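Going line by line, the protein sequences match chains Z and B.
Counting along the first sequence from 1, when you hit position 19 you're at 19 in the working numbering, and nothing is skipped either side.
In the working numbering, each number is its position in the second sequence, counted from 1, plus 1000.
In what follows, a structure is listed as structure tokens, so that the remarks can point back to it.
Number of protein chains: 2
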Amino acid sequence: MDARSDDEIRADLSYLFDKASQALAARMGTVLGELGMTVRDYCVLAKAGAHELTQGELAEMALLDKTTMVVTCDHLEKAGLAQRTPSPADRRVRIVRTTEAGDEAVAKARDVIDDLYGEVLGVLTPEQRTVLLDALMKLVTHGGPLSAVEPNPHAPRRKRGA
Amino acid sequence: MDARSDDEIRADLSYLFDKASQALAARMGTVLGELGMTVRDYCVLAKAGAHELTQGELAEMALLDKTTMVVTCDHLEKAGLAQRTPSPADRRVRIVRTTEAGDEAVAKARDVIDDLYGEVLGVLTPEQRTVLLDALMKLVTHGGPLSAVEPNPHAPRRKRGA
DNA sequence: TATTGTTATACTCTATAACTATA
DNA sequence: TATAGTTATAGAGTATAACAATA
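Structure below.
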């Protein structure tokens, strides 16, 4: 939803970010799809492997709604990549653990993503790579002009104070 | 849907692009919302002003589906920013023209977007700005590794050959 | 009473399909 | 028959609301 005519593209930051984001997400979706995963599956699975995290903790880390997390976990379990087990300490919460297949899948996913990133960044000079990543970090991290996800007051879909 | 743990962020291109894209889109949505426009409205309106374009031509330029274009035009007309008039040459097609209010709105929108871009890019050094934009262009434009929107074969929602 | 996870559901967005009118 | 625009609708994604079990 954001294309400008060619003569406008040159200066259009929004177009450049959108295109880069969408195209890279599409390519990640393709290579991860070949491993039976979505990008979101991978984000959750990669975090779940390392620590003993509950669904809620994982949801917070991945910036997912808890109901979206349920769907994601359902999918990961059905695919045999993760398992939910009730915590003995608090029987309300469920720990998400990767299976062996899940760990292998994460490892493979890391490889294909590394390859992809290498291919993408490979068209840049080393100096361009460094400056690009530094600049993006500066914009995006805490305090930068693209850090706070200030909610658009005119946006739809917000029923209560939440 | 794409947050990594902090120690992973450093190298995560996908996270950086997504965050930058989403945050900038949110900020554009906010400032354009104050003018009664969505980002998509602006994209269409800015193109409609210049030339005598039909809905279909505008849809193609803005990479919108023609049915989405109908909704957008409905909104622009209701807001008094654009008007559709049947072409005398071909009575099937409708020319989309900006109203005076629409031209003013585009001008104001250009201003607030310029201000916003200035604020965002202002945190970078001139050299960083140049390299960032050059590098993004290199990735995104024709032939770059993020140019083709290769459809993900595992993605949902595709019924026929179209 | 508060909290974790689940289910049900509603809302938005976008795109396909079918339709009207012109060509 | 093909094309521009419209309408209707279905699909996917996500978030709110209500609920069950547990604390």
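C-beta: ideal position from N, C-alpha, C; glycine also.
Just so it is clear, the structure is predicted and the values come from calculations on it, not from any experiment.
Can you determine whether any heavy atom of the ligand MN sits closer than 7 Å to the C-beta of Z:Ile113, and answer yes or no?
Judged by which ligands are present, the structure shown has none, so any question about the ligand MN falls away.
Cα-Cα separation, B:Ala1023 to B:Val1039
13 Å
Taking Cβ positions only, does B:Glu1119 come closer than 8 Å to chain Z?
yes
Say whether chain Z places a C-beta atom closer than 8 Å to the C-beta of B:Val1106.
no
Can you tell me whether DSSP reads Z:Ala82 as helix, strand or coil?
strand
Report the neighbours of B:Gln1128 on chain Z: residues whose CB is nearer than 8 Å to its CB, in chain order.
Val131, Asp134, Ala135, Lys138
Would a C-beta distance cut-off of 8 Å place Z:Ser21 and B:Asp1115 closer than the cut-off?
no
Between B:Arg1027 and the rest of its own chain, which residues show a CB-CB distance below 7 Å, the 5 nearest in sequence each way excluded?
Leu1116
Please report the straight-line C-alpha distance between B:Ala1048 and B:Val1096, rounded to a whole angstrom.
6 Å
Comparing the C-beta of B:Val1071 with each C-beta of chain Z, is any distance below 8 Å?
no
Going by the CB atoms, is the gap between B:Val1120 and Z:Leu139 shorter than 8 Å?
yes
With 16 as the cutoff for other CB atoms within 10 Å, does B:Pro1086 come out buried or exposed?
exposed
Sheet register partners of Z:Thr98 (DSSP bridge):
Z:Ala82
Residue interval of the alpha helix (DSSP H) (run including Z:Thr30)
13 to 33
Taking the CB atoms as reference points, tell me whether B:Leu1013 and B:Ala1109 lie closer together than 8 Å.
no
Reference B:Val1127; option with closest CA among Z:Val131, Z:Pro88, Z:Arg84, Z:His142
According to the sequence displayed, residue 1127 of chain B carries Glu and not Val. Ranking Z:Val131, Z:Pro88, Z:Arg84, Z:His142 by Cα distance to B:Glu1127 puts Z:Val131 first.
Can a CB atom of chain B be found closer than 8 Å to the CB of Z:Leu146?
yes
Verify the CB distance criterion: does Z:Ser87 have a CB-CB separation below 8 Å to chain B?
no
Tell me the DSSP secondary structure of B:Leu1053 in three-state form.
strand
Z:Val70 - DSSP class collapsed to helix/strand/coil:
helix
Give me the residue from Z:Val123, Z:Gly122, Z:Leu136 with the minimum Cα distance to B:Thr1125.
Z:Leu136
Closest by CA to B:Thr1067, which one among B:Gln1055, B:Lys1078, B:Glu1077, B:Leu1076?
B:Gln1055
In chain order, what residues of the same chain have a beta carbon less than 6 Å from the beta carbon of B:Leu1146, not counting five sequence neighbours either side?
Leu1139, Val1140
Going along chain B, which residues have a C-beta under 7 Å from Z:Lys19?
Val1140, Leu1146
Give the straight-line distance between the Cα atoms of Z:Val71 and B:Ala1107, rounded to the nearest whole angstrom.
45 Å
Any idea if Z:Ala148 is buried or exposed, counting beta-carbon neighbours within 10 angstroms, 16 or more meaning buried?
exposed
Count the other CB atoms within 10 Å of the CB of Z:Arg157; is the residue buried (16 or more) or exposed (fewer)?
In this prediction, Z:Arg157 has a pLDDT of 48, which is less than 50 and means its spatial position is unreliable; nothing more can be read from the coordinates.
I want to verify the contact list: residues of chain B whose CB lies under 8 Å from the CB of Z:Val123, in sequence order.
Lys1138, Leu1139, Gly1144, Pro1145
Span of the alpha helix (DSSP H) holding Z:Arg129?
126 to 140
With burial defined as no fewer than 16 other Cβ atoms inside 10 Å of the residue's Cβ, what is the status of Z:Ala105: buried or exposed?
buried
What number of angstroms, rounded off, separates the C-alpha of Z:Gly83 from the C-alpha of Z:Ile113?
The sequence given here has Gln at residue 83 of chain Z, not Gly. C-alpha separation (whole angstroms): 24 Å.
CB of B:His1075 within 8 Å of CB of B:Asp1103, strictly
no
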